[in-house]
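Take a look at the structure set out below.
In this note's numbering, the protein residues as written are 1 to 193.
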């Protein structure tokens, strides 16, 4: 699985032009992706009532419509609030049909964003940030899991947060964490030189 470095994630987030409605939406989207480890299909199907910013949680529906609760960190909450306050209402004005929209993320035409359109947004920011364009939004999910495990989170907790049915699926990320530990130990230990 491909992961992103802290530097890469920061470049990606900083490449959004937050002075525009679309740029603000995209920053909120990327922050959400990084904060939750959500699958792109889960983000595309996300509705406003699944996001509880006051309590800092989101209800995600994964494979097989299995529900899970995932916490949001403060930065993601703040970007989502900014998006919901100014950008989302601006984008909704583009839809002249008068339909009600419950989707969290709204397109430039005022419609619900599909998984494909969210993938394209992600890809465009990889290019803008000068990052590997072969990465997919799933790289953020891998990064989320690897960082949780690297930070000492219990494997079963990470399994729950990712919505994995099987613990063996989550264990793929432990190898990445072990590699990071080896690198850190090698860099810091006096006998490793």
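Glycine included, C-beta positions come from ideal geometry on N, C-alpha and C. None of the values given here were measured: they were computed from a predicted structure.
Assign residue 77 to one of three DSSP states: helix, strand, or coil.
Looking at residue 77 - three-state DSSP - the assignment turns out to be helix.
Checking the sheet assignment: what are the DSSP bridge partners for residue 71?
In the DSSP output, where bridge partners are listed per residue, residue 71 has 57.
Leaving out five residues on either side along the sequence, give the residues of the same chain with a beta carbon under 6 Å from the beta carbon of residue 32.
Hits under 6 Å: 76.
Is the CB-CB distance between residue 131 and residue 37 below 8 Å?
Not closer than 8 Å, so no.
From the DSSP secondary-structure annotation, give me the bridge partner or partners of residue 51.
Paired residue(s): 58.
Closer than 6 Å by C-beta to residue 140: which residues in its own chain qualify, once you throw out the five before and the five after it? Chain order, please.
Around residue 140: 33 and 34.
Pull up the CB-CB distance for residue 92 and residue 110, whole angstroms please, since I reckon it's below 8 Å.
The pair is a contact, with the Cβ atoms about 5 Å apart (cut-off 8 Å).
Between the Cα of residue 61 and those of 136, 4, 42 and 21, spot the shortest distance and give me the residue it belongs to.
With distances taken between Cα atoms, residue 61 lies closest to 42.
Under the rule that 16 or more other beta-carbon atoms within 10 Å means buried, what is residue 85, buried or exposed?
Exposed.
Kindly indicate which three-state DSSP category residue 40 falls into: helix, strand or coil?
In the structure shown, residue 40 sits in a helix (DSSP, three-state: H, G or I).
Would the region 12-23 count as touching the region 113-126 if we require 3 or more Cβ pairs under 8 Å?
Enough Cβ pairs lie closer than 8 Å, so yes.
Cβ atoms of residue 115 and residue 44: under 8 Å apart, would you say?
Yes, Cβ-Cβ distance for residue 44 and residue 115 is below 8 Å.
What residue range does the alpha helix (DSSP H) around residue 129 cover?
Run containing residue 129: none; DSSP gives neither H nor E here.
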